[in-house]
Amino acid sequence: MLTTQTHLATRCAALASLLAMACIAQAAPQAQRQDLVTTQRQLEALERIVQQAATFAAPDPNERYHFDYPRLLADLARVRAGIEQFLTPSRAQPRDTDELGGQYRAESVPPQEDKS
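For the sequence shown, this note's numbering begins at 334 and goes up steadily by one.
1. Give me the Cα-Cα distance between residue 368 and residue 362, rounded to the nearest whole angstrom.
2. Between the alpha carbons of residue 409 and residue 394, how many angstroms are there, rounded?
3. Mapping the DSSP letters down to three states, classify residue 402 as helix, strand or coil.
4. Would you list, in sequence order, the uninterrupted alpha helix (DSSP H) runs of no fewer than 4 residues that lie entirely inside the segment 381–440?
5. Where residue 381 and residue 406 are concerned, what is the direct C-alpha to C-alpha distance, given to the nearest angstrom?
6. In whole angstroms, what separates the C-alpha of residue 421 from that of residue 445?
7. Could you check which residue in 437, 412, 416 has the C-alpha nearest to that of residue 365?
8. Under three-state DSSP, which class holds residue 453?
9. Ordered along the chain, which non-local residues of its own chain (more than five positions away) have a Cβ less than 8 angstroms from that of residue 435?
Structure follows, in C-alpha coordinates:
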(Lines of atoms letter the chains of each structure in order from A; the text may use other names.)
(Lines give C-alpha, C1' and ligand atoms only; values in the text may rest on other atoms or scores of the structure.)
Protein backbone atom coordinates (compact mmCIF):
# COMPACT_ATOMS: atom_id res chain seq x y z
CA MET A 334 0.00 0.00 0.00
CA LEU A 335 2.86 2.35 0.80
CA THR A 336 4.28 1.65 -2.64
CA THR A 337 1.04 2.69 -4.33
CA GLN A 338 0.91 5.93 -2.32
CA THR A 339 4.56 6.67 -3.10
CA HIS A 340 3.96 6.00 -6.79
CA LEU A 341 0.88 8.24 -6.77
CA ALA A 342 2.77 11.01 -4.96
CA THR A 343 5.60 10.75 -7.48
CA ARG A 344 3.18 11.00 -10.39
CA CYS A 345 1.42 13.99 -8.79
CA ALA A 346 4.76 15.73 -8.22
CA ALA A 347 5.77 15.07 -11.83
CA LEU A 348 2.42 16.40 -13.07
CA ALA A 349 2.74 19.49 -10.86
CA SER A 350 6.24 20.09 -12.24
CA LEU A 351 4.97 19.80 -15.82
CA LEU A 352 2.11 22.22 -15.09
CA ALA A 353 4.51 24.70 -13.50
CA MET A 354 6.82 24.52 -16.54
CA ALA A 355 3.84 25.02 -18.85
CA CYS A 356 2.79 28.12 -16.90
CA ILE A 357 6.31 29.52 -17.06
CA ALA A 358 6.47 28.77 -20.80
CA GLN A 359 3.16 30.56 -21.35
CA ALA A 360 4.25 33.59 -19.31
CA ALA A 361 7.27 34.33 -21.52
CA PRO A 362 5.35 34.55 -24.82
CA GLN A 363 2.68 36.74 -23.17
CA ALA A 364 5.34 39.15 -21.90
CA GLN A 365 6.96 39.08 -25.34
CA ARG A 366 3.61 39.88 -26.99
CA GLN A 367 3.11 42.82 -24.63
CA ASP A 368 6.61 44.10 -25.42
CA LEU A 369 5.95 43.78 -29.15
CA VAL A 370 2.62 45.62 -28.88
CA THR A 371 4.42 48.39 -26.98
CA THR A 372 7.10 48.44 -29.67
CA GLN A 373 4.41 48.82 -32.34
CA ARG A 374 2.95 51.84 -30.56
CA GLN A 375 6.42 53.36 -30.26
CA LEU A 376 7.09 52.74 -33.97
CA GLU A 377 3.80 54.43 -34.88
CA ALA A 378 4.76 57.43 -32.76
CA LEU A 379 8.20 57.50 -34.37
CA GLU A 380 6.63 57.34 -37.85
CA ARG A 381 4.47 60.36 -37.01
CA ILE A 382 7.54 62.28 -35.80
CA VAL A 383 9.51 61.38 -38.94
CA GLN A 384 6.59 62.35 -41.20
CA GLN A 385 6.32 65.66 -39.39
CA ALA A 386 10.06 66.25 -39.71
CA ALA A 387 9.91 65.38 -43.41
CA THR A 388 7.24 68.02 -44.04
CA PHE A 389 9.33 70.73 -42.37
CA ALA A 390 12.66 69.69 -43.90
CA ALA A 391 12.96 71.33 -47.28
CA PRO A 392 16.07 70.01 -49.05
CA ASP A 393 18.56 72.79 -49.66
CA PRO A 394 19.62 72.67 -53.33
CA ASN A 395 23.10 73.91 -52.32
CA GLU A 396 23.71 70.94 -50.02
CA ARG A 397 25.14 67.78 -51.49
CA TYR A 398 23.47 65.39 -49.06
CA HIS A 399 20.11 65.34 -47.33
CA PHE A 400 18.34 62.94 -44.98
CA ASP A 401 16.30 60.33 -46.86
CA TYR A 402 13.00 60.44 -44.94
CA PRO A 403 11.05 58.25 -47.40
CA ARG A 404 13.59 55.43 -47.02
CA LEU A 405 13.47 55.66 -43.22
CA LEU A 406 9.66 55.60 -43.29
CA ALA A 407 9.71 52.54 -45.57
CA ASP A 408 12.07 50.72 -43.20
CA LEU A 409 9.94 51.60 -40.17
CA ALA A 410 6.86 50.32 -42.01
CA ARG A 411 8.67 47.04 -42.78
CA VAL A 412 9.65 46.57 -39.12
CA ARG A 413 6.09 47.34 -38.00
CA ALA A 414 4.66 44.93 -40.59
CA GLY A 415 7.03 42.19 -39.43
CA ILE A 416 5.92 42.61 -35.82
CA GLU A 417 2.27 42.64 -36.92
CA GLN A 418 2.80 39.48 -38.94
CA PHE A 419 4.35 37.78 -35.91
CA LEU A 420 1.53 38.84 -33.60
CA THR A 421 -1.24 37.77 -35.98
CA PRO A 422 0.03 34.98 -38.21
CA SER A 423 -2.57 33.83 -40.72
CA ARG A 424 -0.71 30.66 -41.68
CA ALA A 425 2.81 29.50 -42.25
CA GLN A 426 4.28 31.59 -45.04
CA PRO A 427 7.80 32.11 -46.33
CA ARG A 428 9.63 34.99 -44.71
CA ASP A 429 10.48 38.15 -46.58
CA THR A 430 14.26 38.18 -46.90
CA ASP A 431 14.67 41.78 -48.09
CA GLU A 432 17.10 43.71 -45.96
CA LEU A 433 16.51 47.14 -44.49
CA GLY A 434 18.06 50.03 -46.37
CA GLY A 435 19.98 51.41 -43.42
CA GLN A 436 21.61 54.19 -45.45
CA TYR A 437 19.65 57.40 -44.83
CA ARG A 438 21.92 59.95 -46.45
CA ALA A 439 20.92 60.70 -50.03
CA GLU A 440 22.89 62.77 -52.47
CA SER A 441 21.10 65.84 -53.74
CA VAL A 442 20.70 66.25 -57.46
CA PRO A 443 22.07 69.63 -58.59
CA PRO A 444 19.45 71.82 -60.27
CA GLN A 445 19.53 71.71 -64.09
CA GLU A 446 20.34 74.98 -65.77
CA ASP A 447 18.01 76.05 -68.55
CA LYS A 448 20.04 76.17 -71.81
CA SER A 449 17.46 77.80 -74.03
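Ideal Cβ placement from N, Cα and C applies to all residues, glycine included. Keep in mind the model is a prediction, meaning the values are calculated, not measured.
In terms of the structure at hand:
1. The sequence position of residue 368 within the sequence shown is 35, counting from 1. The sequence position of residue 362 within the sequence shown is 29, counting from 1. Computed Cα separation, rounded: 10 angstroms.
2. Taking the first residue of the sequence shown as 1, we reach residue 409 at position 76. Taking the first residue of the sequence shown as 1, we reach residue 394 at position 61. C-alpha separation (whole angstroms): 27 angstroms.
3. Looking up residue 402 in the sequence shown gives position 69. DSSP places residue 402 in helix when its eight states are reduced to three.
4. Runs of the alpha helix (DSSP H) inside the segment 381–440: 402–420.
5. In the sequence shown, residue 381 corresponds to position 48, counting from 1. In the sequence shown, residue 406 corresponds to position 73, counting from 1. If you take the alpha carbons of residue 381 and residue 406, they lie about 9 angstroms apart.
6. In the sequence shown, residue 421 corresponds to position 88, counting from 1. In the sequence shown, residue 445 corresponds to position 112, counting from 1. Roughly 49 angstroms between the two C-alpha positions.
7. Along the sequence shown, read from residue 1 onward, the residue named residue 365 stands at position 32. The option with the nearest alpha carbon to residue 365 is 416.
8. Nothing can be reported for residue 453: it is not among the residues displayed for the chain, which extend from 334 to 449.
9. Walking along the sequence shown from the start, residue 435 turns up at place 102. By the criterion of a C-beta distance shorter than 8 angstroms, residue 435 is surrounded in its chain by 408, once the five residues flanking it on both sides are discounted.
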